[in-house]
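Residue numbers (my numbering): 6 to 75.
This is the structure:
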């Protein structure tokens, strides 16, 4: 055990640019407080999905939160 309460992982190899955008959005959402990690991930995925070049599930669907979702 690493001591980490949760891990954000991917189910397949991901593209660097879209992942960077998703992670920035994830942390902006989560660090504002009053939102769970699961909701922050959902919001980040939806934000990516709204961008025409990233609408394909390849870009936003591989991300999974493992462990504590809160």
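We put the CB at the ideal spot given by N, CA and C, even for glycine.
Here the alpha carbon of residue 64 sits roughly 9 angstroms from the alpha carbon of residue 58. Beta-bridge partners of residue 14 (DSSP): 69. With contacts defined by Cβ atoms closer than 8 angstroms, residue 69 and residue 14 form a contacting pair. Shown here for residue 17: same chain residues with a beta carbon closer than 7 angstroms to its own, the five before and five after excluded, namely 67 in chain order. Taking each of 41, 11, 61, 38 in turn and checking the Cα distance to residue 19, the smallest one comes out for 61. The Cβ atoms of residue 74 and residue 41 lie closer than 8 angstroms to each other.
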